[in-house]
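*Asks:*
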Amino acid sequence: MGSRASSLLREEDIEEIKKETGFSHSQITRLYSRFHSLDKGENGALSREDFQRIPELAINPLGDRIINAFFPEGEDQVNFRGFMRTLAHFRPVEDNEKNKDPTSGEPLNSRANKLLFAFRLYDLDRDDKISRDELLQVLRMMVGVNISDEQLGSIADRTIQEADTNGDMSISFSEFTKVLEKVDVEQKMSIRFLH
Amino acid sequence: MASSVYLCLLRAVFLVCFVNPLIQGLSEDESVFQNPHHQQEENLTGLPIVTFKWHHVETPYLVIIWVFVAGLAKLSVVELNHHVISVVPESGLLIILGFILGGIVWGADRAQTFKLLPPTFFYYLLPQIILDASYFMPNKLFFSNLGAILIYAIFGTCWNAATVGLSLWGCYEAGVMGNLDIGLLQFLLFGSLIAAVDPVAVIAVFEEVHVNEVLFILVFGESLLNDGVTVVLYNVFDAFVALGGPRIDAAEIFKGIFSFVVVAFGGSFLGIGFAILLSLLTRCTKHIQIIEAGFVFVVGYLAYLTAEMLSLSAILSITFCGICCQKYVNANMDEKSVTTVRHAMKLLANGSETMIFLFLGVTAIDTEIWVWNTGFILLTLLFVFIYRIIGTFLFTWMLNKFRLVPIEVIDQVVMSYGGLRGAVAYGLAALLDEDKIPEKNLMISTTLIVVYFTVILQGITMKPLVQWLKVKRAAHSDLKLIEKLNNRAFDHILAAVEDICGRIGDNWWTRGWNRFEENYISWLLMKPKARKNRDYLFSIFHKLNLEDAINYVSEGERQGSLAFSRSDEAANVDFKKQFGSEFADVMPNIMVDMSNYELGIEHFSVTSIVKDTIPSVSLDIHGQDRKNAMDDINAHHLLQQHLYRSRKHHRHKYSRSHFSINQNEDEVQEIFQRTMRSRLESFKSTKMGVNPAKKITKHHKKELTHKMPNGHPDGTGHLYGDEEVEGLCVFLPHLIEAGIENPVFLPDMDSPTHSPPWLMETEAVAPSQRAQRRLPWTPNRLRRLAPMRISTCSTDSFLMADVSLTLEEHEEHSQTDHVEM
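Protein sequences appear in the order of chains P and F. Reading the first sequence from the start, the letters are residues 1 to 195 in the UniProt record's numbering. Reading the second sequence from the start, the letters are residues 1 to 821 in the UniProt record's numbering.
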């Protein structure tokens with residue numbers, strides 16, 4: 001496991017990833033070995049099939065959506081940088097980071113970026129609005145088969161009503177953020193990556 | 001209904017009242033019987049037609065009567081619980097019922113003839129409960145939390161024992177308890193026996209309070225493993241008490257610590273040894289399937305008794321026996337045997353538990369044992385409670401520094417409140433030697449009171465406490481729908497990302513262990529046939545999916561393409577919905593056509609996009625009314641009820657009275673089927689501008705392509721049916737084999753240039769067109785998937801794939817053109 005995988009990852013790469021995502025050196029190497037073990041085709045990039053091979057994702061209602069979130073627009077392969085970039089969203093927010101580097105822009109794991117990640121999961125067509133239909137799709141995925149479409153439609157309508165402030169019957173990102181301001185997103189969208 | 005309750009109670013009462021005097025009367029006369037028997041033989045004047053042979057059957061009769069009474073008691077308790085209260089846990093009610101029964105027996109006898117004797121408890125009632133607990137233990141969860149469990153079990157129990165013992169001693173020295181013939185060592189001994197959290201009580205109470213998996217496994221695991229410590233502490237202090245104070249020096253203390261290691265690890269390894277024996281046995285029992293279920297119980301019990309004989313920890317032994325053997329035994333034995341084992345285990349465990357609690361109640365009604373010392377008893381209660389809380393918080397604080405997922409505060413509260421003492425403590429107290437420990441009765445009384453307090457009072461208040469805490473913790477205002485939805489979505493997202501990351505930290509070890517286990521241990525312990533069908537879960541899904549797919553296809557075949565769309569067959573419903581919603585956003589401009597088809601609900605969602613209407617304008621009038629009428633409460637309730645549970649919210653899988661949480665499996669099945677279907681459908685979606693030359697592992701394509709001309713696009717009849725089914729059959733196992741082989745999700749065979757008309761029609765469409773499209777289309781695709789199994793990783797298949805890819809594309813396009821006309 002160790003030597004062969006890490007030899008493909010050069011120091012400069014690790015440094016760059018570290019700067020971009022904020023992961024530590026050991027976390028990056030660990031994640032690289034995971035990346036490598038997922039990459040059955042051994043071509044340095046993961047395809048959707050590689051992700052779909054993880055059995056637990058098949059029984060996760062949002063599994064396929066999350067897989068899609070790894071792939072940039074229109075592409076079907078994700079390299080290690082992209083992999084890490086997506087995972088960086090889930091790094092816990094650390095207090096000392098806020099002061100670190102004001103010039104580099106918001107870190108990937110800031111609250112806003114976490115919310116943006118979640119928003120993008122709903123908003124498939126990337127028009128920065130969650131339309132009723134997109135919401136319905138997500139609801140349908142997350143809910144059992146015993147609930148009828150009318151009921152689901154009502155729930156979707158209600159949900160939009162709660163969040164929609166400008167009356168366009170869809171949820172924009174700012175409305176989304178506003179509605180979730182009480183939710184502890186930092187806690188809920190963070191995984192502790194072991195050092 | 002109430003009448004049945006009374007009936008049960010009356011039955012129980014009469015039985016005991018009737019039987020008891022009878023027994024009393026008869027046993028008194030027993031001596032009379034024995035003599036007359038001899039005398040009768042001598043003085044036999046005539047042939048006795050019928051004789052009353054009480055002394056022959058006395059022991060088994062009594063045992064069976066009590067088992068019967070216990071069963072009746074359980075029946076009446078459960079009946080009572082339905083109406084009157086779901087507040088008091090069953091165990092509490094059983095104890096109270098035990099009080100009543102004990103009172104009856106005592107009233108009849110003036111003495112307590114039926115007591116829970118320690119040997120009965122330890123040898124006949126406890127083992128099956130522990131075996132049941134360990135056999136159904138969720139192993140993965142257990143081992144991933146093993147560190148925390150061990151910390152709680154070992155250090156937590158030592159902490160409890162030490163603090164309770166020392167505090168009581170301190171208070172005794174301060175004179176609060178009056179005059180007792182007791183010393184420091186005896187206090188420590190008492191502390192050690194009262195410190196142990198009892199597995200029986202924990203299961204009984206926690207089962208009714210549904211807490212999350214991790215919390216449950218922590219408390220439960222702790223209660224199982226702390227026996228190792230309890231036994232050691234008890235024996236050590238017992239020996240110290242016998243030795244007397246002055247003779248204890250450093251050497252003895254070291255011996256004590258060393259004995260812990262020996263007892264605990266010895267017990268565990270002994271259990272593992274028996275587990276191996278059991279697995280090997282079940283591997284060979286193909287021809288005696290009718291009794292192979294019995295081996296589980298026999299070997300389990302042997303493990304228990306052997307450990308007891310060698311003065312190792314018996315509970316640990318049987319625990320590890322159950323934990324380690326489950327997988328192999330379930331794989332090796334015939335399905336019917338597995339079912340038999342499960343049912344029998346639950347039966348025995350439930351029965352034992354009932355009897356234990358009942359006897360705990362009965363034993364109380366005995367004037368001989370009660371010694372009341374207010375100070376001692378109250379202080380014990382206080383200290384047990386407080387030190388449990390302190391200990392839990394302390395250790396959790398330390399653990400959270402190392403854990404991947406920290407244990408929340410509310411879980412800690414529940415954990416500390418859930419430190420219930422039970423029959424094990426009582427059993428140990430009853431085992432005390434009166435000569436060495438003059439205050440034995442005081443200790444027994446105190447233990448009983450602590451047990452009643454924890455089981456009854458804490459059991460009653462556990463549920464309200466949990467609810468109150470959770471409510472307090474949540475937002476002050478009610479969560480809005482969107483917040484609820486998002487919370488659940490976040491849980492799912494987190495679970496998915498964790499899975500993608502492989503839960504690093506334990507990954508290398510678990511992977512290594514899994515590999516080792518797969519290659520060596522399973523080879524040794526599992527039947528070869530069982531090894532092949534290892535993915536039990538997925539094989540079930542595979543069967544279900546197959547059935548589904550076959551139904552779907554044969555339905556399409558039978559009805560023909562147009563009728564297909566209008567049919568409301570259940571087999572098609574989900575698919576349609578999925579289809580519509582999945583592609584609605586992709587192909588907006590086609591929708592107008594869809595209004596021609598009566599698609600019902602699907603139609604509704606799709607047109608809403610196109611016409612860009614306010615969603616409330618629906619074609620479904622009833623939906624409108626319903627929507628208006630729906631309260632906030634309704635929507636919240638619906639959502640709450642139907643949202644799929646995330647990993648965090650899944651109920652614990654261990655239950656005394658159920659095997660598996662069916663809802664959980666259904667949900668998982670639904671999600672799985674949906675995901676697989678959508679992945680299947682995603683074949684059909686072309687991603688614009690995607691490089692088609694992907695690593696597609698296809699092989700033998702050349703062989704198959706020549707088959708195509710044989711097939712006819714409009715082909716009716718079984719030719720397609722068979723192929724399609726075969727294709728699907730071949731395809732699905734792949735999808736499902738836990739992703740071992742690459743399920744080649746056909747990337748877009750169709751090049752972008754070709755797509756617009758073809759694509760639109762296929763996807764956005766109307767099932768009718770799809771059905772038509774599908775029949776000619778799928779067999780090819782799916783047949784291409786067939787060879788995948790043969791070689792997925794070899795590079796030559798890649799090359800071949802690329803080569804034949806273009807070939808196939810052309811052929812397919814020519815075909816589709818043909819049909820489009």
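All residues carry an ideal CB built from backbone N, CA and C; glycine is no exception.
Could you name the residues of the same chain whose beta carbon sits closer than 6 angstroms to that of residue 416(F), not counting the 5 residues immediately before and after it, in chain order?
*Replies:* Cβ within range, chain order: 388, 389 and 392.
*Asks:* Could you check what DSSP says for residue 77(P) in three-state terms: helix, strand or coil?
*Replies:* If DSSP states are grouped into helix, strand and coil, residue 77(P) belongs with the strands.
*Asks:* Quick check: the Cα distance between residue 357(F) and residue 95(F), rounded to an integer number of angstroms?
*Replies:* Between residue 357(F) and residue 95(F), the C-alpha separation is close to 5 angstroms.
*Asks:* For residue 146(P), which three-state DSSP category applies?
*Replies:* It is coil, neither helix nor strand.
*Asks:* Quick check: the Cα distance between residue 59(P) and residue 252(F), rounded to an integer number of angstroms?
*Replies:* Residue 59(P) and residue 252(F): Cα-Cα distance of roughly 55 angstroms.
*Asks:* Return helix, strand or coil for residue 53(F), following the three-state DSSP convention.
*Replies:* Reduced to three states, the DSSP call for residue 53(F) is coil.
*Asks:* In the structure shown, what three-state DSSP assignment does residue 67(P) receive?
*Replies:* It is helical.
*Asks:* If distances are taken between C-alpha atoms only, which option among 79(P), 124(P) and 106(P) comes closest to residue 89(P)?
*Replies:* The option with the nearest alpha carbon to residue 89(P) is 106(P).
*Asks:* Could you compute how far the alpha carbon of residue 52(P) sits from the alpha carbon of residue 172(P)?
*Replies:* Residue 52(P) and residue 172(P): Cα-Cα distance of roughly 30 angstroms.
*Asks:* Can you tell which of 364(F), 127(F) and 338(F) has the C-alpha that lies nearest to the C-alpha of residue 293(F)?
*Replies:* Nearest C-alpha to residue 293(F): 338(F).
*Asks:* For residue 822(F), count neighbouring Cβ atoms within 10 angstroms of its own Cβ and tell me buried if that reaches 16, exposed if not.
*Replies:* Here chain F has residues from 1 to 821 only, and residue 822(F) is not among them.
*Asks:* 8 angstroms is my cut-off, CB to CB: does residue 60(P) come that close to chain F?
*Replies:* Answer yes: the Cβ-Cβ gap between residue 60(P) and chain F drops below 8 angstroms somewhere.
*Asks:* Given a limit of 9 angstroms on CB to CB distance, which residues of the region 141–160 of chain P reach chain F?
*Replies:* The region 141–160 of chain P vs chain F, Cβ under 9 angstroms: 141, 142, 143, 144, 145, 146, 147, 148, 149, 150, 151, 152, 153, 154, 155, 156, 157, 158, 159 and 160.
*Asks:* The beta strand (DSSP E) that contains residue 45(P), what's its start and end?
*Replies:* 45–47 is the extent of the beta strand (DSSP E) around residue 45(P).
*Asks:* What is the DSSP secondary structure of residue 172(P), reduced to helix, strand or coil?
*Replies:* Residue 172(P): strand per DSSP, three-state reduction.
*Asks:* Helix, strand or coil for residue 529(F), going by three-state DSSP, please let me know.
*Replies:* Of the three classes helix, strand and coil, the one that applies to residue 529(F) here is helix, per DSSP.
*Asks:* Between the Cα of residue 74(P) and the Cα atoms of 10(P), 126(P), 143(P) and 147(P), which residue gives the shortest distance?
*Replies:* Comparing Cα positions, the closest option is 126(P).
*Asks:* Helix, strand or coil: how does DSSP classify residue 401(F) here?
*Replies:* It is coil, neither helix nor strand.
*Asks:* Would you decide whether residue 523(F) is buried or exposed? Buried here means 16 or more other CB atoms lie within 10 Å of its CB.
*Replies:* Answer is exposed; the Cβ neighbour count stays below 16.
*Asks:* Contact criterion: CB-CB distance below 8 angstroms. Does residue 140(F) meet it with respect to chain P?
*Replies:* No, no contact with chain P.
*Asks:* So, are the CB atoms of residue 46(P) and residue 83(P) less than 8 angstroms apart?
*Replies:* For residue 46(P) and residue 83(P), yes; Cβs fall inside 8 angstroms.
*Asks:* Please classify residue 468(F) as buried or exposed, where buried requires at least 16 other C-beta atoms within 10 Å of its C-beta.
*Replies:* With fewer than 16 other Cβ atoms within 10 Å, it is exposed.
*Asks:* Could you tell me whether any Cβ in chain P is nearer than 8 angstroms to the Cβ of residue 310(F)?
*Replies:* Not closer than 8 angstroms to any Cβ of chain P, the Cβ of residue 310(F) fails to qualify, so no.
*Asks:* What whole-angstrom Cβ distance do residue 466(F) and residue 421(F) have, given they're in contact under 8 angstroms?
*Replies:* 20 angstroms between Cβ atoms; not a contact.
*Asks:* In chain order, what residues of the same chain have a beta carbon less than 8 angstroms from the beta carbon of residue 93(P), not counting five sequence neighbours either side?
*Replies:* 109, 110, 111, 186 and 190.
*Asks:* Kindly indicate the opening and closing residues of the alpha helix (DSSP H) around residue 106(F).
*Replies:* Its alpha helix (DSSP H) spans residues 90–109.
*Asks:* Quick check on DSSP: helix, strand or coil for residue 643(F)?
*Replies:* Strand at residue 643(F).
*Asks:* Looking at the structure shown, is residue 407(F) part of a helix, part of a strand, or coil, going by DSSP?
*Replies:* Coil.
*Asks:* Since residue 494(F) meets chain P, which of its residues come closer than 9 angstroms, beta carbon to beta carbon?
*Replies:* Those are 90, 188, 189, 190 and 191, listed as they occur along chain P.
*Asks:* Just by C-beta distance, which residues in the region 311–329 of chain F are closer than 8 angstroms to chain P?
*Replies:* Against chain P - using a Cβ distance shorter than 8 angstroms - the region 311–329 of chain F contributes no residues.
*Asks:* Please report the distance separating the alpha-carbon of residue 269(F) from that of residue 347(F).
*Replies:* So the two alpha carbons sit approximately 28 angstroms from each other.
*Asks:* Apart from the five residues on each side of it in sequence, which residues of its chain come closer than 6 angstroms, Cβ to Cβ, to residue 163(F)?
*Replies:* The answer, listed in chain order, is 387.
*Asks:* Could you give the first and the last residue of the continuous alpha helix (DSSP H) run that contains residue 266(F)?
*Replies:* Segment 250–283, the alpha helix (DSSP H) holding residue 266(F).
*Asks:* What are the residues in the region 61–86 of chain P lying within 7 angstroms of chain F by C-beta distance?
*Replies:* Within the region 61–86 of chain P, the qualifying residues are 61, 62, 63, 64, 66, 74 and 76.
*Asks:* Please list the partners that residue 502(F) has in chain P, where partner means a Cβ-to-Cβ separation under 7 angstroms.
*Replies:* Correct list: 34.
*Asks:* Within 8 angstroms, do at least three Cβ pairs link the region 360–373 of chain F to the region 133–148 of chain F?
*Replies:* No, because fewer than three Cβ pairs between the region 133–148 of chain F and the region 360–373 of chain F fall closer than 8 angstroms, the two stretches do not touch.
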